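Novice: Please find one structure pasted underneath; my questions will follow.
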């Protein structure tokens, strides 16, 4: 355990990078998923078709493969971006494919009677969307969004394979230097658990809260 304690500050620096990377990917994937979810729910048929194809493709490919495609594919076609941007983009698109479906499903569950009531008082489509559909859809989708956030946090560990320095990459460096693989990876496991467990607790709390408020 002494080796773990000696290297813990270095691992925690990697954890901060993991948190920053996770937060940016979660925020952008939720924003993209919200926009695409609304378009999938009420957009033109051809737009809905394109989004449906996107969902099926990105949900059917492992995160790691998407990261490799982004990292090597962009450079192959002459697009020079940093490895962080490439793999973050892949992670965002992967998570957004799930978020899109969450919002589409949540929008469908909004009571038709409320929409009819809104139309009866002269609300336009964008007012119905902003004031009635989206608040309820967001409430219903929160548990699923948090679950995807947890998956995204764990998915950031894959970025180490293309040389992005974060918690997993830092742990591999320490193991190569100390040969204390079990101690180091046990510590890394606990750090990831410390990040993800509060999100799981929050998901259960919010799920109970919104079930009560919507009942």
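Numbering (our numbering), first residue to last: 13 to 227.
Just so you know, even glycine gets a beta-carbon here, dropped at the ideal spot from N, CA and C.
In this text, all values refer to a predicted model and were calculated from it rather than measured experimentally.
Grouping DSSP H, G and I as helix and E and B as strand, with all else coil, what is residue 136?
Specialist: Residue 136: coil per DSSP, three-state reduction.
Novice: Please classify residue 168 as buried or exposed, where buried requires at least 16 other C-beta atoms within 10 Å of its C-beta.
Specialist: The residue in question, residue 168, is buried, as its Cβ has 16 or more Cβ neighbours within 10 Å.
Novice: Do residue 109 and residue 160 have their C-beta atoms closer together than 7 Å?
Specialist: No, these two residues do not count as a Cβ contact at 7 Å.
Novice: Grab me the residues of residue 104's own chain with a C-beta within less than 8 Å of its C-beta, minus the 5 sequence neighbours each way, in chain order.
Specialist: Taken in chain order, the residues that qualify are 37, 40, 41, 44.
Novice: Note down, in chain order, each residue of its chain lying with its Cβ closer than 6 Å to the Cβ of residue 114, except the 5 sequence neighbours on either side.
Specialist: Only 153, 156 meet the Cβ criterion.
Novice: Just to confirm, are residue 187 and residue 193 a CB contact at a threshold of 7 Å?
Specialist: For residue 187 and residue 193, yes; Cβs fall inside 7 Å.
Novice: For the stretch 162-179 and the stretch 193-211, state whether three or more C-beta atom pairs, one from each stretch, are separated by less than 8 Å.
Specialist: Taking 8 Å as the limit for Cβ pairs, the verdict is that the stretch 193-211 does touch the stretch 162-179.
Novice: Quick one: is residue 133 buried, meaning 16 or more other Cβ sit within 10 Å of its Cβ, or exposed?
Specialist: By the neighbour-count rule (16 or more Cβ atoms within 10 Å), residue 133 is not buried but exposed.
Novice: Can you tell me whether residue 92 is buried or exposed? The criterion is at least 16 other CB atoms within 10 Å of its CB, across all chains shown.
Specialist: Exposed, because fewer than 16 other Cβ atoms sit within 10 Å of the Cβ of residue 92.
Novice: Could you round the C-beta distance between residue 100 and residue 33 to whole angstroms and report it? I think they count as a contact, below 8 Å.
Specialist: 7 Å between Cβ atoms; contact.
Novice: When the distance is taken between beta carbons, is residue 102 closer than 7 Å to residue 86?
Specialist: Taking 7 Å as the Cβ cut-off, residue 86 and residue 102 do not qualify as a contacting pair.
Novice: Please report the distance separating the alpha-carbon of residue 120 from that of residue 190.
Specialist: Rounded to whole angstroms, residue 120 to residue 190 spans 54 Å at the Cα level.
Novice: How many angstroms separate the CA atom of residue 217 from the CA atom of residue 211?
Specialist: Distance between the alpha carbons of residue 217 and residue 211 is about 10 Å.
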